[in-house]
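Residue numbers (my numbering), protein chains in the order written: chain A, 33 to 336; chain B, 33 to 336.
Virtual Cβ for every residue (Gly too), placed ideally from N, Cα, C.
Here's the structure we're looking at; comments come further down.
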């Protein structure tokens with residue numbers, strides 16, 4: 033976590049801890065015949081990650097004075113959705129990853145069936161949390177959150193992106209890796225859609241106008257792409273120890289990456305451009321958006 | 033489909049065809065890089081099944097004069113949720129079933145990764161459909177549907193039931209099959225929760241009072257248990273050809289079944305009692321509930 037401003041570091045720690053507490057409250061307690069499922073859901077969600085999506089959601093909601101009791105519920109729902117996607121992506125029939133966040137991935141810590149089922153139940157729970165009256169008093173707001181999360185994570189969002197990613201590996205194996213437009217489209221769906229929604233969720237909770245909602249969404253789109261490019265750079269340069277997962281896997285598989293297409297320097301320059309663009313989208317919010325400004329810098333300077 | 037009253041047969045055909053058409057409209061059209069996912073989602077949902085849940089939802093909604101345009105959307109969402117659960121249950125790491133509805137199961141027709149992902153996206157799409165304003169003009173009604181579906185299908189509903197079912201197989205292998213209370217609890221979660229919600233969804237759409245809502249919910253609870261007992265009887269007595277899937281598998285695995293616990297005659301008697309009980313719950317609706325009355329009879333007399 034190099035070169036991170038003290039304010040951002042404190043905000044990330046604070047929101048991270050509060051999100052962890054919210055997840056602990058909102059996930060079922062291990063109980064009776066289903067205890068192992070509850071434990072698997074908790075293992076997948078608790079005790080790890082940068083909580084980028086939670087920070088985006090809460091810091092965006094803060095701009096509109098949304099009570100943290102509300103924004104942390106939305107943040108927890110988004111983190112549940114994200115955790116389910118990681119659990120399923122790590123399965124042997126998908127990316128077959130044994131490690132995640134520095135410890136065994138869900139299907140290694142439990143088993144494959146439990147990884148599928150815990151992921152399934154986490155998706156369900158994310159929608160249950162958003163639909164609950166405690167998330168916002170107005171039904172229309174909760175419905176906008178439910179619809180937004182569904183849009184971001186379904187066939188034309190995150191899951192669609194994973195399908196393109198799997199097809200891309202097959203194309204790489206056949207010597208036809210994705211080009212720049214295709215890999216950008218992949219990212220916009222696979223990770224970008226949920227990252228965009230994370231910032232937008234804060235605006236929805238704050239009943240923000242369409243200009244503010246679009247600004248936050250566009251900011252997160254730039255940030256999400258910068259994040260992915262930085263991921264490719266880390267995959268090339270980082271160590272497995274720092275990242276808590278295998279490195280160099282994409283390049284070894286001949287998969288198209290932003291580094292492969294742009295070169296290391298080109299990728300760094302593009303990520304920096306996107307960070308500037310993301311920051312410029314926040315202009316109308318002034319100094320109140322300091323955390324979001326710093327977050328855009330953080331995603332390209334982080335070491336893990 | 034023996035001994036089915038002409039009215040019920042016609043209603044099931046009509047609602048089945050209308051649900052099929054609604055699913056066709058509400059599922060993404062195969063398009064671009066994601067076409068294979070769209071095709072897998074369609075394969076999982078279209079062209080098969082008795083549409084028991086759709087019939088429960090639509091026939092319950094009919095009691096309150098809910099427009100079919102609305103009840104068919106809810107029915108389609110429930111059928112998407114059901115189809116996702118079948119796709120995941122059939123996976124090699126779960127029940128490892130190669131056949132479903134007389135044709136290859138989803139992971140055999142496509143592959144495992146696609147079966148996981150199409151299932152995931154079907155769950156998402158079910159919530160998206162319920163949250164959409166076309167399902168009902170009132171936001172509170174849509175939210176009640178979203179919350180109800182989540183409750184029925186999550187860790188304390190369908191997914192929890194599947195976890196208990198897997199644990200039950202391990203217990204059977206260790207010579208400790210479930211007793212009657214445990215197997216009834218399993219059924220109430222694994223298949224019962226979504227069946228209960230199917231009838232309740234009709235009442236929610238119709239803004240029914242709590243007495244009517246409870247009556248439909250209790251009716252469906254009885255019907256769902258009768259359905260499962262009938263399934264166990266068919267698994268013992270039916271042919272693979274009629275059922276479109278392997279038979280005798282549960283008994284061969286030493287799994288506890290209602291037939292195993294009650295004997296064939298005992299199971300038949302219990303299913304008949306439950307059918308009578310289900311029918312009695314509908315008394316206050318009078319002749320308007322004729323289809324639901326006949327449906328309770330159907331679930332224990334069907335041959336597949």
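Item	Value
Tell me the rounded alpha-carbon separation between residue 132 of chain B and residue 80 of chain A.	39 Å
Can you list the residues of chain A that residue 325 of chain B reaches, using a CB-CB cut of under 9 Å?	Neighbours of residue 325 of chain B on chain A: none; closest Cβ ~32 Å, over 9 Å.
Around the C-beta of residue 207 of chain B, are 16 or more other C-beta atoms found within 10 angstroms, so that it is buried, or is it exposed?	exposed
For residue 337 of chain B, which three-state DSSP category applies?	As displayed, chain B neither begins before 33 nor continues past 336, which places residue 337 of chain B out of reach and without an answer.
Go ahead and pull the three-state DSSP assignment for residue 132 of chain A.	strand
Using the three-state DSSP reduction, which class does residue 45 of chain A fall into: helix, strand or coil?	helix
Reducing DSSP to helix, strand and coil, say where residue 291 of chain A ends up.	helix
According to DSSP, is residue 336 of chain B part of a helix, a strand, or is it coil?	coil
Any residues in the segment 201 to 218 of chain B with a beta carbon nearer than 7 Å to a beta carbon of chain A? Which ones, in chain order?	none
Is the Cβ of residue 73 of chain B closer than 8 Å to any Cβ of chain A?	yes
Any beta-carbon of chain B closer than 8 Å to the one on residue 185 of chain A?	yes
Anything in chain B within Cβ reach of residue 126 of chain A, meaning under 9 Å, just list it in chain order.	144, 145, 148 and 149
Would you kindly check if the distance between the Cβ of residue 114 of chain A and the Cβ of residue 140 of chain A is under 8 Å?	no
Expressed to the nearest angstrom, what Euclidean distance is found between the alpha-carbon atoms of residue 177 of chain B and residue 236 of chain B?	7 Å
Give the interface partners of residue 259 of chain B over in chain A, defined as CB-CB distance under 7 Å, in chain order.	Within 7 Å Cβ-Cβ: nothing; residue 259 of chain B doesn't reach chain A, min ~22 Å.
Looking at the C-beta of residue 120 of chain B, does it have a partner C-beta in chain A at a distance below 8 Å?	yes
So, using beta-carbon positions, are residue 154 of chain A and residue 77 of chain A closer together than 8 Å?	yes
When the Cα of residue 309 of chain B is compared with those of B:329, B:320 and B:286, which residue comes out closest?	B:329
Am I right that residue 181 of chain B and residue 108 of chain B are in contact with their C-beta atoms under 8 Å? What's the rounded C-beta distance?	With a Cβ gap of about 12 Å, residue 181 of chain B and residue 108 of chain B do not count as contacting.
For the alpha helix (DSSP H) that contains residue 156 of chain B, what are its first and last residues?	144 to 163
Hey, how far is the Cα of residue 331 of chain A from the Cα of residue 312 of chain A?	16 Å
Starting from the C-beta of residue 165 of chain B, find all residues in its chain whose C-beta is less than 6 Å away, skip the five residues before and the five after it, and write them out in chain order.	none
Under 8 Å Cβ-Cβ, which residues of chain B neighbour residue 163 of chain A?	175, 178, 179 and 182
Counting only beta-carbon separations shorter than 8 Å, does residue 69 of chain B have a partner in chain D?	No chain D is present in this structure, whose protein chains are A and B.
Where does residue 99 of chain A fall in DSSP's three states?	coil
Secondary structure at residue 281 of chain A, three-state DSSP: helix, strand or coil?	helix
Between the alpha carbons of residue 268 of chain B and residue 281 of chain B, how many angstroms are there, rounded?	9 Å
Which word fits residue 101 of chain A, buried or exposed, when buried means at least 16 other C-beta atoms lie within 10 angstroms of its C-beta?	exposed
Please list the partners that residue 159 of chain A has in chain B, where partner means a Cβ-to-Cβ separation under 7 Å.	159, 178 and 182
In chain B, which residues lie less than 7 Å from residue 66 of chain A when you measure between Cβ atoms?	187, 192, 195 and 196
Taking only beta-carbon atoms, is residue 60 of chain B less than 8 Å away from chain A?	yes
CB-CB under 6 Å to residue 306 of chain A, same chain, minus the five flanking residues each way: which ones, in chain order?	254, 257 and 258
In the segment 209 to 281 of chain A, which residue ranges form an unbroken alpha helix (DSSP H) of at least 4 residues, counting only runs that do not cross its ends?	212 to 219, 225 to 237, 242 to 269 and 272 to 275
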